Amino acid sequence: MTASAALAPLEALFELRRGQVLPLPPNLARLYGNFRMPLRRPGPEVYSNFVSTMDGVVSLHVKGHSAGADISGFSIQDRMVMGLLRAVADVVIVGSGTLGADPRQVWTPEAICPELANDYHGLRKALAKREAALNVVVSASGNIDLRLPVFASGRVPVLIVTTPAGAKRLAKQKPPESVGIRSIRRGSGKIAPSAILDEVARVNPGKRILVEGGPRLLGSFYQERLVGEQFLTLASQIAGREAGDGRLSLVMGKTFAPRDPLWGTLTDVRRGHSALFLRYSFQ
Ligand SMILES: NC(=O)c1ccc[n+]([C@@H]2O[C@H](COP(=O)([O-])OP(=O)(O)OC[C@H]3O[C@@H](n4cnc5c(N)ncnc54)[C@H](OP(=O)(O)O)[C@@H]3O)[C@@H](O)[C@H]2O)c1
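Counting the sequence shown from 1 gives a position; this note's numbering is that position plus 75.
Now the structure itself:
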């Protein structure tokens, strides 16, 4: 049985009452309950959102079944939460692998949960957010198709953070003016997430930064200890794994335990049908 299609309210099982309660429109408040975000502090407030199977798989790595929806069982409650987290964001950042897995995606709340478009719109208005969150795509190679909707539709302001070589490759596609491209010099490795955040801040000074993945981009953010909060939906399926099958878990390309362990504090638990909606603080 897959996740239920019914958009029923989440049941709050544990709630740490800290931070600021955001003014959700009545329908969203009914569906989610109280939604808090940390009190404003200087600097970016980075939070991440993923869905995982019980055995820790976030991507099945099977053509046509690699996106989060296959993990959540197309759960409308998970989409509702994704939309909520996008609605409060100033910026949404993804890596090119996540774009590649879902190339028609645009990172707005209504794109993931159109059923609640009006409620998300009301929330952004209440938070005085005038335009859609800046969509940021990170790619060292610049191997990205600028005809995809996120770049070509004009529905969102969009920025590509890349390397000088990547920017050169992108320039050949004659990017539309609405697509910002920033290049960052790097050593032999990846672009440092702190440098990504610096470039983002030049384009959008908003502080709430949602990292929607994927696992390799998120790994770099965790390595620099830049993630303040992890939202994690635990879907009630076991995906299984074969050695070398390419299935991904929450963080890829970096290791922490046992040398450099990374522990979070559980701050919120909600239940929706058989899924758990977990929230951890890393502050
Ligand atoms: N279950 C979930 O909630 C969830 C959430 C997000 C993603 N996913 C899944 O995860 C899979 C993608 O995983 P992934 O790890 O490949 O995704 P990813 O992190 O989105 O993409 C990796 C690519 O992004 C670029 N990149 C990431 N970090 C970078 C850095 N610090 N500096 C420079 N470039 C950087 C590189 O692009 P170039 O190769 O272009 O240089 C890299 O190859 C997809 O199947 C997606 O659906 C699942």
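Glycine is no exception: its CB is placed at the ideal position from the N, C-alpha and C atoms.
Nothing here was measured: the structure is a model prediction, and the numbers come from that model.
Query - Length-filtered (3 minimum) beta strand (DSSP E) runs lying within the region 142–177 - result: 166–170
Report task. Rounded to whole angstroms, what's the CA-CA distance from Ala215 to Glu299? Just pull it up for me. Result -> One-based indexing of the sequence shown puts residue 215 at position 140. One-based indexing of the sequence shown puts residue 299 at position 224. Near 18 Å, if we compare the C-alpha coordinates of Glu299 and Ala215.
Report task. Flag Met327 as yes when its Cβ comes closer than 7 Å to any non-hydrogen atom of ligand 1, and as no otherwise. Result -> For this step, residue 327 is matched to residue 252 along the sequence shown. Answer for Met327: yes, Cβ within range of ligand 1.
Query raised in the report: What separation, rounded to the nearest whole angstrom, lies between the Cα atoms of Val181 and Asp194?
Result: Position 106 of the sequence shown, counting from 1, holds the residue named residue 181. Position 119 of the sequence shown, counting from 1, holds the residue named residue 194. If you take the alpha carbons of Val181 and Asp194, they lie about 18 Å apart.
Report task. For Arg179, name the three-state secondary structure that DSSP assigns. Result -> In the sequence shown, counting from the first residue as 1, residue 179 sits at position 104. In the structure shown, the three-state DSSP call for Arg179 is coil.
Report task. Look at Asp343 and Glu86 and say whether their C-beta atoms are less than 8 Å apart. Result -> Working through the sequence shown from its first residue, we reach residue 343 at position 268. Working through the sequence shown from its first residue, we reach residue 86 at position 11. It is not a contact, given that the beta carbons lie outside the stated cut-off.
Query raised in the report: Quick one: Cα of Met76 to Cα of Ala162, how far?
Result: Working through the sequence shown from its first residue, we reach residue 76 at position 1. Working through the sequence shown from its first residue, we reach residue 162 at position 87. Note that Met76 scores 48 on pLDDT, short of 50, meaning its location in the model is unreliable; the coordinates nonetheless yield the value given after this. The alpha-carbon atoms of Met76 and Ala162 are separated by roughly 30 Å.
Query raised in the report: If Gly339 and Gly170 are in contact, beta carbons under 8 Å, what's the gap, nearest whole angstrom?
Result: In the sequence shown, counting from the first residue as 1, residue 339 sits at position 264. In the sequence shown, counting from the first residue as 1, residue 170 sits at position 95. Incorrect: roughly 21 Å between the Cβ atoms, too far for contact.
**Report entry** Length at least 4, wholly inside the region 205–266: the alpha helix (DSSP H) runs in chain order
**Finding:** Along the region 205–266, the alpha helix (DSSP H) occurs as fully enclosed runs of 4 or more residues at 224–227, 239–246, listed in sequence order.
Query raised in the report: Touching or not, the region 279–287 and the region 103–123, by the rule of three or more beta carbon pairs under 8 Å?
Result: Yes, since at least three Cβ pairs between the region 279–287 and the region 103–123 fall closer than 8 Å, the two stretches touch.
**Report entry** Per-residue DSSP class, three states only, for Met76
**Finding:** In the sequence shown, residue 76 corresponds to position 1, counting from 1. For Met76, the pLDDT reaches just 48, beneath the cut-off of 50, and the residue's location in the model is therefore unreliable, leaving the point undetermined.
Report task. Sort out for me which residues DSSP pairs Ile284 with in a bridge. Result -> Start at 1 with the first residue of the sequence shown, and residue 284 comes out as number 209. For Ile284, which the question treats as bridged, DSSP gives the partners Val121, Val166.
Requested in this report: Quickly, what does DSSP pair Arg111 with across the bridge? List them, please.
Outcome: Locating residue 111 in the sequence shown gives position 36, counting from the first residue. Arg111 is bridged to Val96.
Query - Spatial distance of Met112 from Asp273 (CA atoms) - result: Indexing the sequence shown from 1 puts residue 112 at position 37. Indexing the sequence shown from 1 puts residue 273 at position 198. Cα to Cα, the separation comes out at about 22 Å.
Report task. Could you check how far apart the C-beta atoms of Val133 and Val126 are, in whole angstroms? I think they sit under 8 Å. Result -> Locating residue 133 in the sequence shown gives position 58, where the first residue counts as 1. Locating residue 126 in the sequence shown gives position 51, where the first residue counts as 1. In this structure Val133 is in contact with Val126, their Cβ atoms being roughly 7 Å apart against a cut-off of 8 Å.
Query raised in the report: When the Cα of Thr128 is compared with those of Phe357, Ser311, Asn210, which residue comes out closest?
Result: Counting from one through the sequence shown, the residue named residue 128 turns up at place 53. For the residues Phe357, Ser311, Asn210, the minimum Cα distance to Thr128 belongs to Ser311.
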